[in-house]
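Novice:
Residue numbers (this note's numbering): 41 to 204.
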């Protein structure tokens, strides 16, 4: 299980230099549909982000401790009517949200600036689902460590983990 301890205060992410966790986290935006539609129409992402459940839970330290995420500057990725650009028109009329995310975490023993986000966006052209996928381009600088005692490098010991 992700988060199982691997030593005093360490979880499985401590086994890797960088961990990238991406997918449908199912966190929603706390809002009513009418207000959300107005915010989306006016591209007021910052107001919607202020009501994002994942951001609220992370700021309270309840989930994804130590993980980073880029600024969300794109439209919500859920819930669409399949094959369209129309947000949920069913009777449930779900509030559009950013359920699909990309987060990363650097091992506390590596450099905190070893990940540089180059691009973070949705992919509005892919309409095969009620979600729009997200994509992140991360530049990762890993430290190469020598496995030989004389300092001659023969093997790179850096590692990364992606969880989807």
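All C-beta atoms in this analysis are idealised placements derived from N, C-alpha and C, irrespective of residue type, glycine included.
Source: prediction; values computed, not measured.
1) With DSSP as the reference, label residue 141 as helix, strand or coil.
2) Helix, strand or coil: which one does DSSP assign to residue 161?
3) Rounded C-beta distance between residue 140 and residue 63? I'm assuming under 8 Å.
4) By Cβ distance below 7 Å, which residues in the same chain neighbour residue 114 in space, the five residues on each side in sequence not counted?
5) Quick check on this structure: which residue in 134, 177, 164, 135 has the alpha carbon closest to the alpha carbon of residue 155?
6) Terminal residues of the continuous alpha helix (DSSP H) containing residue 98?
7) Quick one: what's got a C-beta closer than 7 Å to residue 85's C-beta in the same chain, skipping five residues either side?
8) Can you check DSSP and say which residues form a bridge with residue 127?
9) Do residue 125 and residue 136 come within 9 Å of each other at the CB atom, strictly closer than that value?
10) Within 10 Å of its beta-carbon, does residue 120 have 16 or more other beta-carbons around it, so buried, or fewer, so exposed?
11) What separation, rounded to the nearest whole angstrom, lies between the Cα atoms of residue 134 and residue 143?
12) Give the straight-line distance between the Cα atoms of residue 147 and residue 109, rounded to the nearest whole angstrom.
13) May I have the straight-line CA-CA distance separating residue 116 from residue 173, to the nearest angstrom?
Specialist: According to the data block:
1) Here residue 141 sits in strand by DSSP.
2) Strand, per DSSP.
3) With a Cβ gap of about 7 Å, residue 140 and residue 63 count as contacting.
4) Non-local C-beta neighbours of residue 114 in its own chain, meaning closer than 7 Å and more than five positions away in sequence, comprise 161, 162, ordered along the chain.
5) Nearest to residue 155 by alpha-carbon distance, out of 134, 177, 164, 135, is 177.
6) From DSSP, the alpha helix (DSSP H) with residue 98 extends over 93-99.
7) Answer for residue 85: 112, 113, listed in chain order.
8) Per DSSP, 120.
9) When the beta-carbon positions are compared, residue 136 and residue 125 stay at least 9 Å from each other.
10) Per the 10 Å Cβ criterion, buried.
11) Approximately 24 Å between the Cα atoms of the pair.
12) Those two C-alpha atoms are separated by around 15 Å.
13) Roughly 10 Å between the two C-alpha positions.
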